[in-house]
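Counting in the working numbering, the sequence shown runs from 30 upward without gaps. All residues carry an ideal CB built from backbone N, CA and C; glycine is no exception. Beneath this line is the structure, given in structure tokens, with notes to follow.
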Amino acid sequence: MRVTARAHPNVALVKYWGKRDSALNLPATGSLSVTLSGLFTETTVEAHAGGDEVVIADPQGGAARSEEIERARRFLDRVRALAKDERGLRVSSRSNFPRAAGLASSASGFAALAV
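The following block contains the structure:
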């Protein structure tokens, strides 16, 4: 099994305030945003016998922070629990724009991973 998805970042025009459920990161209210269609994150997920492997490529050549990798692993654990499937997964994610630049790279990254 191998699946690739692409998602685009967005910029909030009206941002939600507060969280209804901080554990699930659910907002208390809605928001309004614009999709930046020229930018994207592309993520490939495939079964991996050796446990989870998460690679997040940076267009500037920098390494992903351990917190980014850990967040992706927690997401995979949650999906596995819901699916009742314990197989390991290899995740490879890359964006055509820099992380931590105010362009919602984590939103597009997790959108591509969730699809």
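Are the Cβ atoms of residue i and residue j separated by less than 7 Å?
{"i": "residue 70", "j": "residue 33", "result": "no"}
{"i": "residue 77", "j": "residue 142", "result": "no"}
{"i": "residue 44", "j": "residue 60", "result": "yes"}
{"i": "residue 93", "j": "residue 62", "result": "no"}
Give me whichever residues DSSP pairs with residue i in a beta bridge.
{"i": "residue 83", "result": "120"}
{"i": "residue 128", "result": "Paired residue(s): none; residue 128 is not in a bridge."}
{"i": "residue 64", "result": "39"}
{"i": "residue 70", "result": "36, 124"}
In the structure shown, what three-state DSSP assignment does residue i receive?
{"i": "residue 75", "result": "strand"}
{"i": "residue 106", "result": "helix"}
{"i": "residue 138", "result": "helix"}
{"i": "residue 143", "result": "helix"}
What does a CB cutoff of less than 6 Å around residue i pick up in its chain, not counting 5 residues either side in sequence?
{"i": "residue 86", "result": "123"}
{"i": "residue 82", "result": "119"}
{"i": "residue 84", "result": "121"}
Could you tell me whether any non-hydrogen atom of the ligand SAH is closer than 6 Å to the CB of residue i?
{"i": "residue 60", "result": "Ligands displayed in this structure: none; no statement on the ligand SAH is therefore possible."}
Note down, in chain order, each residue of its chain lying with its Cβ closer than 7 Å to the Cβ of residue i, except the 5 sequence neighbours on either side.
{"i": "residue 80", "result": "117"}
{"i": "residue 37", "result": "64, 65, 66, 68, 69, 137"}
Item checked: alpha helix (DSSP H) runs contained entirely in the segment 32-56, provided each spans 4 or more residues -> none
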